[in-house]
Amino acid sequence: MAQEAQKEKSMVLQKEMVEGLFNDLDSAKEKGRKVCYTFIPGNLSELIRTFDMLPVYPEINALQNAMRKKSAAYIREAEKHAHSEDVCTYVKCDVGMMLKGNIGPTGQKIPEPDILLLSYTGCFTFMKWFETLKREYPNATVVMIHTPYQENGVMTPEMTQYMVKQLKEEVIPKMEEVTGIKFDEEKLRRHLELSREAEDWITKIFDTTKHKPSPIDAYFAGVYYIGPINIGFRGTQQAVDYYKELYGEIQERIRLGLGPITPEGEMKEEKYRLVVEGPPNWTNFREFWKIFYDMGAVIVASSYTKVGGVYDLGWRHDPSRPLEALAEYCMNCYTNLNIPQRIDLLSKCIEEYQADGYITNSIKSCNSFSAGQLGMMREIEDRLDIPVGFIESDLVDPRYFSYSNIKNRLESYFQMLAQRKMMEAHEAIHA
Amino acid sequence: MNSLPKLIQQCKDLAFDLQFTRSREWKAQEEGRVVVGYMPVYFPREIIHAAGGLPVAIFGGGDRKQIIKGDAYYQSYICHIPRSIIDLALDGHTNHFDGYLFPSICDVIRNLSGLFKLNKLGKFVKYMDFPQNFLPEIGGVFYQQEMQHVLHYIKEINGKEVTAHDLNHSIALYNTNRRLIARMYDIRQEFPWRMTIEELYYVLRAGTVIPVEEHNDILEQVVAHMEKEIGEPQDKIKVVVSGAFCEQPAVGLIKAIEEAGCYVVDDDYMLGSRMILGDIDPSTDKPLEAIANAYIHQSQYSSSIYDVHNPKEYRLAKIVQDRGADGVIFASASFCDPSLLDAPIFQKAFDEMGIRYISFQYSENINQFKVIKEQVGAFSDSIKLWEDDKALVIA
Ligand code: SF4
Ligand code: SF4
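Dropping the structure here:
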C-alpha cells in the first residue's frame, strides 16, 4: 500500500507538469507568452526557459495522438495532401493535426509558433519537417542551429565553437528580438545547474536495472520517465523533485525485491533481461508491452530513452560553460552518435545490465534510427555472442503494426532464449 | 575530334563501369596517387584534385548488379542505393579506393558512413557535414575546417601539402567543367533534339569517374558537335525532372521519359556536378574560403540544404520558366526521404502557380517502366492538348 502511494506520487507530479504545460500553452496568447516549436533531440529547454517561452514538441503531440488512437486520421489527412506513404509518420501525424485545426492530444488548441527553433540534431527529417511548418506559419521566426554529427565519434572543439557561434550570433539575438527579453546568462546558468541535477538523478534511475530483478522497465516505463527531462522541464526544480521522488520509489522496490510495474500490476517473475534498440510503437503501446511482460521479459536498457540526451557516459550540462554545454548537449543525443558509438553504448548496456538478449525494433519510417540497425545487430551478436532478435513496426501509423507477426517473432525469440538458458545451466552443472 | 557516337559510347562505358577501371589505371600510372570515392550528392572535388587525388562518384550498382550482401544490411523499406553501395565495396569493386566521403544529404548516407567504418573499408571514411548555417564567418569557417580534415586524410596517405596555387589550378579546371556542362544544357534548351537526355546523362556521369582534364576534353568535343545543326526536331513537350538527385533511375527510365513525348530540358540527375552555379574565384590566396563562399552563395537548391531563406519551390519554378518548360516531372527514388518530404511543398506551390507536374517513384534496380511511360505519355498529351486549346481560344 505504502509503495502504491509512493508510486502515485511521482506519477501525480508528472501529470501535473504535463497538464500545466498544456494549460499554459492554451492561455499563452492571452497572456502574451511566446511559443517555441522545437524537437526533443537537441532541445534547448534551458535557453527557451531563459527567454520565458513555452515549448511545443511536435513529435510529442504525434505520439500522444497515437496513444489516443487519433493518429491514423491525421496521417490520412496528410497523405491526401501529397505526403508520401513512406516518410516519417510523426511528420504526417503533425501535419494532419495542423490541417485539422491544430487541436492537441489533450483536446486543447495548440497555439501557433512565434519561433520555429530547429536544433536539427541527429535527423534530417527534422529539417524537412520545419521547412513544411515554416510554409504553414509564415509569420514565425525561423531559428536554425546546425548540430554537427559525431561522425568520428567525438565532439571536437571546432564543432563546439561552430555551435557556440551560432548560439551567440543567430539563436540568442533572434530569441531576444522575438521575446523582447534581454539574454540573462546567470538565469541560464541556474537552469543548467538544475539540469545537471536532474541528469544525475535520471542516470541513477536507469542504473537501477543492474539489480535482479530489475525494479523498472527501462523501455516501456522508461519512456514515461524521460518525459519531464525531455519535454521542457529539464532545468527546473519540478523535474529535480520528480526524479528524486521516482528514485526513492524505485529504491523501495529494490528493498522489497520487486520487479517492474506493468499496466496489469507487478511483473511476477523476471525471466529474460533485454536491451532494445529503436523507438517503441505508440499506436499499440499497451499490447506491445504486454507481449514482453507476459513472457517475463524486462527491458534493462534501451537506446530510445537516450534520444533526448545521453547521460550514462558521464556527460552533464556544465553551468560554468553555458553555451558550450548547450552545444555539447545537442551533439551528444543518441541519434547524433555514429554507428560504432551506438554499438559501443548498447554493448556497454548489455554487459553492465547483464542482458540475456538484444532486440531491434525497426521503425519503418525512421531512417535516422533504422538505417544501419541490421549492421549494428550483427556486430553486437558477433562481439558479445548474444542472441539477437528483430521486429518491425512503426511509430504512429497503425497500418504498420502487425500484432501477430510481432508476437510470433518474439515467441520464437523467447523460445530460443529459454533453450540457451537451459543449455547454459546444464553446462554450469557439468562444468 | 572524335565522332559524337564514339564519344557517347566512350562515356557510356565509363559511366557504368562498376569496376571503376579508369580510376584503377590512373592510380597505377604513378606512385602516390590517391583515389577517393564520394557518395551523392555534392562534394567539392577541387580539393581532392589539388591534393593529387582522383575523386570518383559512387552512384550504386543501378540495374547492373545483383545485390546479395547489401540486402543483409538494409531493411526493405530503405531506399536501394545504400545496399548497392555497400555491396560494391564488400565485393571488392572499390578495393583500390583509398578513402570514402559521405556528404551530408540524409540519414541513410550518414549512417552508411558508420557501416563503412565498421567494415574498415578504405584508409579513411569521412562523413562531410556541410554547413546549414549560411554566414561565411560561421558556416563558411566550419566548412573550411571540414575540407581541411579531408586534405589531412589525403596527406597522411601521399604526404602532399596542398598550396593555394594547387587549389586555384583545380578550381579553374572545375570551372571549365561547370561551364561546359552549363553550355550543353543551354544548347539543349533550344535544340533538345541535338542530343538525347540519355546521351547527355552518359556524358555527365562519365565525368564523375575520370580525371577532370579528360572530362573537359570530352565535353569540349561534345559541345562542338552540339553546336552544329544535328538531329531532327520532334513534337515533344519540354519538361524539367526533379527529385532524382541521389539514387539514379535505370537508364531505361531516363530514356523512357523522352520516348514518351518529352524533352527533358533540365534535371537533377547529376546534381553534384552542377551544384555550384557559375565560377568559383580561382585567383585568391584563400581558395578554401572561395569554395566555401561559393557553396553558401552560389549553390543550386537541394533537398539537403535548409531552404527557408530561399525557398526551393520558387527556385524550381524559375528553372521551369527560364528553360521554357511546359511542366515538371517529380521523380523520387522509393523511400527517399529528402525527395519525398519535399514533394508536398513543391506540389502545393505549383498548384498555386499553375505549373503542371506529375510524380512517380522508381528504384535503381527496376527496369520495367510501362506504367511510368504511360503516365508520362498522358502528361505530354494533356499538355499538347491544352496548348492546342489555348491556341484555338487565342485564334
Ligand atoms: S525520422 Fe525518426 S528521428 Fe527523425 S523525426 Fe522521424 S521519428 Fe524522429
Ligand atoms: S536515395 Fe534518398 S534516402 Fe536514399 S540515400 Fe539517397 S538521398 Fe538518402
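Note that the protein sequences, when read in sequence, are chains E and P. Residues in the first sequence are numbered consecutively from 2, following this note's numbering. Residues in the second sequence are numbered consecutively from 4, following this note's numbering. The C-beta atom is built at its ideal place from N, Cα and C for all residues, glycine as well. Because the structure is a prediction, the values reported are computed rather than measured.
Rounded distance between the beta-carbons of residue j and residue i, thought under 8 Å
| i | j | result |
| --- | --- | --- |
| Leu100 (chain E) | Glu78 (chain E) | 5 Å |
| Ile260 (chain P) | Ile332 (chain P) | 6 Å |
| Val39 (chain P) | Asp101 (chain P) | 6 Å |
| Ala53 (chain P) | Leu170 (chain P) | 4 Å |
| Pro323 (chain E) | Glu186 (chain E) | 6 Å |
| Thr284 (chain E) | Pro399 (chain E) | 4 Å |
| Ala167 (chain P) | Leu124 (chain P) | Contact doesn't hold; Cβ gap of about 32 Å is too wide. |
| Gln212 (chain P) | Ala60 (chain P) | Here residue 212 (chain P) turns out to be Val, not Gln, going by the sequence shown. Contact holds; Cβ gap of about 6 Å. |
| Ile322 (chain P) | Gln301 (chain P) | In fact, because the Cβ distance is near 15 Å, the residues do not count as touching under 8 Å. |
| Gly123 (chain E) | Cys334 (chain E) | 5 Å |
| Gly275 (chain P) | Val44 (chain P) | 5 Å |
| Leu118 (chain E) | Val144 (chain E) | 5 Å |
| Met176 (chain E) | Phe52 (chain E) | 5 Å |
Those residues which DSSP pairs with residue i across a bridge
| i | result |
| --- | --- |
| Lys269 (chain E) | According to DSSP, which records beta bridges pairwise, Lys269 (chain E) is partnered with nothing at all. |
| Tyr41 (chain P) | P:Ala60, P:Leu104 |
| Met131 (chain P) | P:Pro106 |
| Ser362 (chain P) | P:Phe333 |
| Val267 (chain P) | P:Val242 |
| Ile56 (chain E) | Per the sequence presented here, residue 56 (chain E) reads as Pro, with Ile not at that position. E:Cys37. |
| Gly228 (chain E) | Answer is none; Gly228 (chain E) lacks a bridge partner. |
| Ile300 (chain E) | E:Leu275 |
| Gln22 (chain P) | Gln22 (chain P) is not bridged to any residue. |
| Tyr77 (chain P) | In the DSSP output, where bridge partners are listed per residue, Tyr77 (chain P) has none listed. |
| Tyr359 (chain E) | E:Val276, E:Val389 |
| Val143 (chain E) | E:Leu117 |
| Ser85 (chain E) | Partner(s): none; Ser85 (chain E) has no beta bridge. |
Amino acids of chain P, ordered along the chain, whose beta-carbon sits closer than 8 Å to that of residue i
| i | result |
| --- | --- |
| Thr133 (chain E) | Leu344, Pro347, Ile348 |
| His431 (chain E) | The premise fails here: His431 (chain E) is roughly 36 Å from chain P at the closest Cβ pair, so nothing lies under 8 Å. |
| Leu149 (chain E) | Position check: residue 149 (chain E) holds Pro in this sequence, whereas Leu was assumed. The answer, in chain order, is Asp132, Phe145. |
Contact under 8 Å by Cβ, residue i with residue j
| i | j | result |
| --- | --- | --- |
| Phe23 (chain P) | Thr97 (chain P) | yes |
| Ile340 (chain E) | Met296 (chain E) | no |
| Pro388 (chain E) | Leu418 (chain E) | yes |
| Glu80 (chain E) | Lys93 (chain E) | yes |
| Ala29 (chain E) | Pro106 (chain E) | no |
| Asn368 (chain E) | Ile200 (chain P) | no |
| Ile190 (chain P) | Glu230 (chain P) | yes |
| Tyr38 (chain E) | Val57 (chain E) | yes |
| Ser399 (chain P) | Ala381 (chain P) | Beyond the ends of chain P as shown, which are 4 and 398, falls residue 399 (chain P); an answer cannot be given. |
| Trp482 (chain E) | Val172 (chain E) | With chain E covering 2 to 432 only, the question about residue 482 (chain E) has no answer from this structure. |
| Tyr163 (chain E) | Ile206 (chain E) | no |
| Ser366 (chain P) | Ala336 (chain P) | yes |
| Ala253 (chain P) | Val379 (chain P) | no |
| Ile230 (chain E) | Ala199 (chain E) | yes |
| Ala297 (chain P) | Gln147 (chain P) | no |
| Thr210 (chain E) | Ala302 (chain E) | yes |
| Phe286 (chain E) | Met12 (chain E) | no |
| Glu246 (chain E) | Leu14 (chain E) | yes |
Beta-carbon neighbours of residue i, restricted to chain E and to distances below 8 Å
| i | result |
| --- | --- |
| Ile81 (chain P) | Asn368, Ser371, Ala372 |
| Pro85 (chain P) | Ala372 |
| Lys120 (chain P) | Asn339, Ile340, Pro341 |
Chain-ordered neighbours of residue i on chain P, where CB pairs are closer than 7 Å
| i | result |
| --- | --- |
| Gln420 (chain E) | Chain P residues near Gln420 (chain E): none, gap ~25 Å exceeds 7 Å. |
| Gln167 (chain E) | Asn136, Ile141 |
| Met128 (chain E) | Tyr309 |
| Arg136 (chain E) | Ile348 |
| Ser85 (chain E) | Leu343, Ala346 |
| Leu48 (chain E) | Going along chain P, no residue has its Cβ under 7 Å from Leu48 (chain E), so there is no contact; the nearest lies around 17 Å. |
| Val88 (chain E) | Asp340, Leu343, Leu344 |
Min CB distance residue i to chain C below 8 Å
| i | result |
| --- | --- |
| Val241 (chain E) | In the displayed structure, chain C is absent; the protein chains listed are E and P. |
Residues that residue i contacts on chain P, provided the C-beta gap is smaller than 9 Å
| i | result |
| --- | --- |
| Cys124 (chain E) | Asp110 |
Contact set between residue i and chain E, taken where Cβ atoms lie within less than 7 Å
| i | result |
| --- | --- |
| Ser276 (chain P) | Residues of chain E passing the Cβ test: none, with the nearest at roughly 22 Å. |
Where residue i meets chain E, residues with beta-carbon distance less than 9 Å
| i | result |
| --- | --- |
| Gln378 (chain P) | Simply none; closest approach about 16 Å. |
Q) Do the region 283-294 of chain P and the region 117-125 of chain P touch if we need at least three Cβ pairs shorter than 8 Å? A) Cβ pair count under 8 Å is below three, so no.
Q | Inter-stretch contact at 8 Å, needing at least 3 Cβ pairs: the region 249-260 of chain E / the region 334-349 of chain E | A | no
Q. Do the region 294-311 of chain P and the region 263-280 of chain P meet, that is, are 3 or more Cβ pairs less than 8 Å apart?
A. yes
(Q) Tell me whether the region 326-345 of chain P and the region 231-249 of chain P touch, counting them as touching only if at least three CB pairs, one residue from each stretch, are closer than 8 Å. (A) Cβ pair count under 8 Å is three or more, so yes.
Q) Quick check: the region 105-116 of chain P against the region 358-373 of chain E, are there 3 or more CB pairs under 8 Å? A) Three or more pairs of CB atoms, one per stretch, sit closer than 8 Å, so the region 105-116 of chain P contacts the region 358-373 of chain E.
Q.
I'd like to know if the region 131-148 of chain P and the region 350-368 of chain E are in contact, where contact means that at least 3 CB-CB pairs between them fall below 8 Å.
A. no
Q | At least 3 beta-carbon pairs within less than 8 Å: the region 274-294 of chain E vs the region 213-228 of chain E | A | yes
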